[in-house]
Amino acid sequence: MAALTALILSIFLGPRFIRKLYSLKIGQPIRVEECPLLGELHHDKKDTPTMGGILVVFSLIVSTLLWGDLSSSYLKLLLVVTLLFSFLGGRDDYLKLKYKKNSKGLSGKKKLLTQGAIAALVALFMLIPGFTNFFGEMPVIKEGLYALNLQAFAGNIYVPFMKTPWLQLSGVGLIGIFFWILFIVVGTSNAVNLTDGLDGLASGLLVMAGLAFGIFAYLMSVESFADYLNLVYIDQASEVAVFLAAMIGALLGFLWFNGFPAQLFMGDIGSLTLGGILGTVAILLGRGLLLGIVGAVFVAEALSVILQVISYRYFNKKRIFLCAPLHHHFEYKGMKETKIVIRFWIVGLLCLLIGLISIKFQ
């Protein structure tokens with residue numbers, strides 16, 4: 464019901480929202496500094512309304528408030544993270560629209576520091592019991608016959624296809640977990656943001672990644688399923704599943720307008736927020752490394768940018784890719800936008816299936 468509610472909301476409100484954005488002249492600026500050819504390739508996208516992430520976030524939150532259990536500390540944290548990332552992304556979009564001649568938005572340093580602060584909130588939630596209690600009920604966590612507190616669970620690093628934790632850290636070792644959480648949440652937020660460059664690309668991939676984690680969350684919330692599949696049982700994972708269902712519904716409704724040719728772009732308020740949500744969910748379920756599988760396309764997009772920057776700065780301005788992120792490289796090679804998106808979706812679907820297959824080998 465959460466998915467259906469969010470889907471109906473986003474589809475029903477979409478046309479009105481798009482008309483309002485057009486009237487406010489909130490059009491998408493196209494940056495061509497690093498890749499001049501993009502100005503020609505994306506000429507038709509100029510002035511297409513952006514900040515469509517508002518529609519996704521609104522539908523997601525309303526559906527969650529209707530169908531979620533608000534006594535759950537997991538759910539409250541997800542709602543807080545959603546709002547904080549939305550404020551960050553909204554501010555970034557606002558600056559890009561206000562200063563269109565210099566459309567970089569927030570400086571990279573300010574953006575990274577704010578993302579780090581939000582991720583630190585997630586880390587404190589996982590590692591400090593008193594901080595967790597501030598949000599509500601502590602989750603009940605069991606691994607087989609043994610009960611775990613949230614701090615002990617956070618110190619376990621679970622690897623897909625492996626039955627037991629690959630790494631178990633406690634005490635001083637939890638400092639490493641703190642930075643691991645920062646890396647996952649900030650990294651995923653930025654990776655999704657970098658992927659959001661073609662019509663329907665990021666939104667379609669987010670649906671697949673959300674579905675994978677939603678299935679994991681549901682299985683982990685049912686004790687009999689968790690025991691049978693050698694998964695950790697978390698009672699509040701059921702609320703994560705509800706939240707992800709709402710996110711998927713909101714994204715499908717948004718994709719109705721974001722598919723080629725797009726009538727609406729999600730903007731940073733959408734991509735930074737949804738990436739931050741995905742990273743937070745991975746941490747709450749103890750499945751940070753699973754992101755490397757189900758979110759492999761996001762990882763590839765982020766790596767392409769990192770490698771391009773390193774190569775350009777430290778190897779005599781040599782470029783590994785014709786243009787980064789990766790999807791623009793294929794555009795430069797003459798591949799049609801729709802073909803790139805469909806092929807990336809196919810890869811995302813394969814990664815989703817591999818992630819689910821890993822459950823069988825637990």
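Each residue of the sequence shown is one higher than the one before, starting from 464 at the first, in the numbering used here.
Where a beta carbon is used, it is the ideal one built from N, C-alpha and C, also for glycine.
When we look at the beta-carbon of S570 and count the other beta-carbons within 10 Å, is it buried (16 or more) or exposed? exposed
Determine the burial state of V772: buried for a count of at least 16 other Cβ atoms within 10 Å of its Cβ, exposed for fewer. exposed
Spatial neighbours of G673 within its chain, please: C-beta separation below 6 Å, excluding the five flanking residues on both sides. L707, M710 and I711
Cut-off 8 Å between Cβ atoms - residues of its own chain near F676, not counting five sequence neighbours on either side: V703, L707, L741, V744, A745, L748, R750, L753 and V757
Where does Q825 fall in DSSP's three states? coil
Under a Cβ-count criterion, where at least 16 other Cβ atoms within 10 Å of its own Cβ denotes burial, should N779 be classed as buried or exposed? exposed
Would you kindly report the start and end of the unbroken alpha helix (DSSP H) that includes I474? A465 to S486
Beta-bridge partners of E600, as assigned by DSSP: S535
Inter-residue spacing [alpha-carbon to alpha-carbon] between G733 and W808: 19 Å
In terms of DSSP beta bridges, what is P512 paired with? G490
Keeping to the same chain, check which residues put their C-beta closer than 7 Å to that of Y537; ignore five residues upstream and five downstream. P602, Q699, E702, V703 and L747
When you compare only the Cα positions, how much space is there between N721 and V695? 37 Å
Residue(s) in a DSSP beta bridge with Q631: N619
Sheet register partners of A426 (DSSP bridge): With the chain covering only 464 through 825, there is no way to say anything about residue 426.
Alpha helix (DSSP H) runs contained entirely in the region 703-768, provided each spans 4 or more residues: 730-747 and 754-757
Which residues share a DSSP beta bridge with Y696? K605
Report yes or no: do the region 504-520 and the region 576-587 share at least 3 C-beta pairs separated by less than 8 Å? no
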